[in-house]
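Chemist:
Chains as they are written, first to last, in this note's numbering: chain A, 1 to 548; chain B, 549 to 862.
1. Is any beta-carbon of chain B found at less than 8 Å from that of residue 113/A?
2. Can you list, in chain order, the residues of the stretch 740-768 of chain B whose Cβ is nearer than 9 Å to any Cβ on chain A?
3. Could you spell out where the alpha helix (DSSP H) holding residue 828/B opens and where it closes?
4. With distance defined between alpha-carbon atoms, name the residue in 800/B, 668/B and 560/B nearest to residue 649/B.
5. Count the other CB atoms, across all protein chains shown, that sit within 10 Å of the CB of residue 256/A; report buried if there are 16 or more and exposed otherwise.
6. Starting from residue 517/A and walking both ways along the beta strand (DSSP E), at which residues does that stretch end?
7. Starting from the C-beta of residue 260/A, find all residues in its chain whose C-beta is less than 6 Å away, skip the five residues before and the five after it, and write them out in chain order.
8. Which whole runs of the beta strand (DSSP E) in the stretch 423-463 of chain A are 3 residues long or more, in chain order?
9. Consider the Cβ of residue 779/B: report whether some Cβ of chain A lies at a distance smaller than 8 Å.
10. Could you say which of 751/B, 701/B and 803/B lies nearest to residue 738/B if we only look at CA atoms?
11. Is the Cβ-Cβ distance between residue 137/A and residue 148/A less than 8 Å?
12. Please report how far the alpha carbon of residue 160/A lies from the alpha carbon of residue 123/A, in whole angstroms.
13. Counting only Cβ pairs nearer than 7 Å, list the residues of chain A close to residue 632/B.
14. By DSSP's criteria, residue 389/A is part of a beta bridge. Which residues make up the other side?
15. Report yes if the CB atom of residue 617/B is closer than 8 Å to the CB atom of residue 568/B, and no otherwise.
16. Counting contacts by CB-CB distance shorter than 8 Å, is residue 782/B in contact with chain A?
17. Can you say whether residue 694/B is buried or exposed, counting buried as having 16 or more other CB atoms within 10 angstroms of its CB?
18. Count the other CB atoms, across all protein chains shown, that sit within 10 Å of the CB of residue 547/A; report buried if there are 16 or more and exposed otherwise.
19. Give a yes or no on whether the minimum CB-CB distance between residue 555/A and chain B is below 8 Å.
20. Is the shortest distance between the beta-carbon of residue 66/A and the beta-carbons of chain B less than 8 Å?
21. Taking residue 350/A as part of the beta strand (DSSP E), name the residues at either end of that continuous run.
22. Which residues in the same chain as residue 916/B place their Cβ atom closer than 8 Å to its Cβ, once the five residues preceding and following it in sequence are excluded?
23. What's the call for residue 13/A, buried or exposed, on a 16-neighbour Cβ count within 10 Å?
24. Hey, quick one: how far does the alpha helix (DSSP H) through residue 341/A stretch, first residue to last?
25. Could you check if residue 730/B is buried or exposed, using at least 16 other CB atoms within 10 Å of its CB as the buried criterion?
26. Please state if the CB of residue 294/A and the CB of residue 454/A are separated by a distance shorter than 8 Å.
27. Determine the closest residue to residue 520/B out of 551/B, 550/B, 549/B and 562/B, with distance taken between C-alpha atoms.
28. Report the partner residues of residue 504/A according to the DSSP bridge assignment.
29. Return no unless some Cβ of chain A is closer than 8 Å to the Cβ of residue 857/B.
30. Could you say which of 111/A, 103/A, 18/A and 118/A lies nearest to residue 80/A if we only look at CA atoms?
31. According to DSSP, is residue 278/A part of a helix, a strand, or is it coil?
32. State yes or no: is the beta carbon of residue 118/A nearer than 8 Å to at least one beta carbon in chain B?
33. Report the option in 332/A, 514/A, 339/A and 428/A whose CA atom is closest to the CA atom of residue 288/A.
34. Note down, in chain order, every chain B residue with its Cβ under 8 Å from the Cβ of residue 371/A.
35. Roughly how many angstroms lie between the CA atoms of residue 690/B and residue 736/B, to the nearest whole one?
36. What do you reckon, are the CB atoms on residue 57/A and residue 243/A nearer than 8 Å?
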């Protein structure tokens, strides 16, 4: 109530007003400041998108407002952060705790990990009320139900007794939003709240945030790296690079007439939803083929009925040498299951996997070994797919040496491949943590190529990268496909990326292939309703990005 | 859940079978005549005959095993050689002090180690953290008997605060004498486990404190104390509980030494006396008994995971 009254008094003030904010980094960092002279505001009922790549300082800004930065490493050294007129930088820890949740709230990127896994979701929302109000337990329960219905969660009475792992990603993010809004704060900070979600879920969550912001008059600071999302939701845009604001203004103006070269570069890097013209692949050699590929998981119980999950059913696909087949779908669609069956990281329960005409589906681990080199895979997260204790060189030569190449020859090949992927051969001596995400993904590609495979599988290989880096790695993948005449299976949830790199495309839903065809045709005239739904949910589909 | 418990209990049968076979063969496969070995260097021929008769060593080995297992299944662990009491009876007489010492040790350990480890994790990298970790390294390094005698020297002999040794049952002598006598053995035995569990707690809580949901809790405006208690500690519990379970199993070794140092008439002393006297039936009985207790503790630990983490379902 006090907050509400205060808000009325300060009707003319912006909810959040950041003035000349500078936050220092520890002495051993590569630059003196995490953010420097950051200045923008968020008005009542306004959505301000803060856009930038990793390291731009957008999250540091948000965490400084909330007072969630580690105090010793990230110290605000200049400027003011005014929340409805009050400077947050001079508040004590106890005062900040009072403000967090009540006057400003935050939602995070990963709804999977942002909720406590061992606490019922209803209790987690109620905890907010327990901290900041003197409501009784029954009043809290009633309020929890209210806010859960507010964010359009079905069956709230039941769901409040669920644990996070029993809910879908979208539902979890709704719980987070319900929690954030339970005390009707003036400011909502959303840190990449839809990045980890499927496109159709993302579209729903964006709608929800827009709705709630309109009906409650909340000021929203929305952090994102995705210009598609900006086009969907932003009233105003703030673009950050290396801790500084390079451009800010009205969303329409920034999106149509970006002034700063960095903004222009960012927008040009967003892959277009329109597939470019690609020369049809002439090769007639089919390198990879599956027939009726099935993967079913059985879980049996002693005193209960066993359950079966059909992760992939009757999947037929073929990829020629020199061709890229895209497998598109949301989480749980079975696209990664198919990839893992083909590499034999998991064993298919039925069907055939033909590599150069040889069926490897039923081979024993020993019989499989000689064929391992033919299919190589590049994974999503370059931070976790390289052994941190081994040099890049050791990681690359390990595979070829397992197949009988001498260390000298393997190193020679590794040096060559480093040049192919655009890195210095000297870098072989270094360790993974000394490289950026994009460089690591290049190393992973070099490692895959060192095996001289015929089939290269890219499993969400560019999904964890910043857009500008993403564009370069996509280009690299396309180059190596041509150069080594590889059959490439490109698995992604991102329709924009798929449009740019795939010759043909295959759409999966619930383990079943619902549509496949030439990329340009599928995008122009999608046959299956699910494909149409996916295309319609792509954020910023009305805005024109990229070169394509 | 019930299915899982039944399956686990069923799985103890083959494990106990292997242990029983090992225990049975241990005495029969020893070089020479086991009866002579048991009887010792100064035994007469009659003594050896009597022991051979008592152990049934004159019969074929298969018959011996069948009889022995048959008796075992009925809870008959055999007769002790030198005291003419049944092994089960001896274990029954001695189990009280050991159970009490184990309980006080585990309770004391948890009460000290978990808060200490959590505090170190919360203040990781500071003076407090380093002090806790130094204590931890010290606790690992001091042998139980050395620590026991140091504590006796300071607290009992010099300061005369606590009795030097002995044991008083809580039920016969009352709570106060019991506590006075059990304090030193408990502290002695606990130190190494406090060191172990404090370290484990610290590592586990440090990891959990990096988690996104801890940040969420702070973003709600929750106090640090409740963030630790409600969000961090419960999520850190599974590895901590695992180590507590392992410690319980390891305690048996410590109990033997501690009971000797403090002259407590428990199972640890029984083990020591039986080994020194080569009273094989007692040794066999104790090995079987301890194996069974290990298996039971393991099952209970596994089941306790479901209390801490709703994602674990059996």
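C-beta atoms are modelled at their ideal positions from N, C-alpha and C, and glycine is treated no differently.
Modeler: Reading off the structure:
1. yes
2. 759, 760, 761, 762, 763, 764, 765, 766, 767 and 768
3. 828-856
4. 800/B
5. exposed
6. 512-518
7. 246 and 247
8. 455-459
9. yes
10. 803/B
11. no
12. 7 Å
13. None at all; the shortest Cβ gap to chain A is about 46 Å.
14. Paired residues: none, contrary to the question.
15. yes
16. yes
17. exposed
18. Reliability of the predicted coordinates at residue 547/A is poor, the pLDDT of 46 falling under 50, and the value obtained from them is presented with this limitation in mind. With fewer than 16 other Cβ atoms within 10 Å, it is exposed.
19. As displayed, chain A neither begins before 1 nor continues past 548, which places residue 555/A out of reach and without an answer.
20. yes
21. 350-355
22. Absent from the model: residue 916/B. The displayed extent of chain B is 549 to 862, so no value can be given.
23. buried
24. 335-343
25. buried
26. no
27. As displayed, chain B neither begins before 549 nor continues past 862, which places residue 520/B out of reach and without an answer.
28. 325/A and 518/A
29. yes
30. 18/A
31. coil
32. yes
33. 339/A
34. Simply none; closest approach about 37 Å.
35. 10 Å
36. yes
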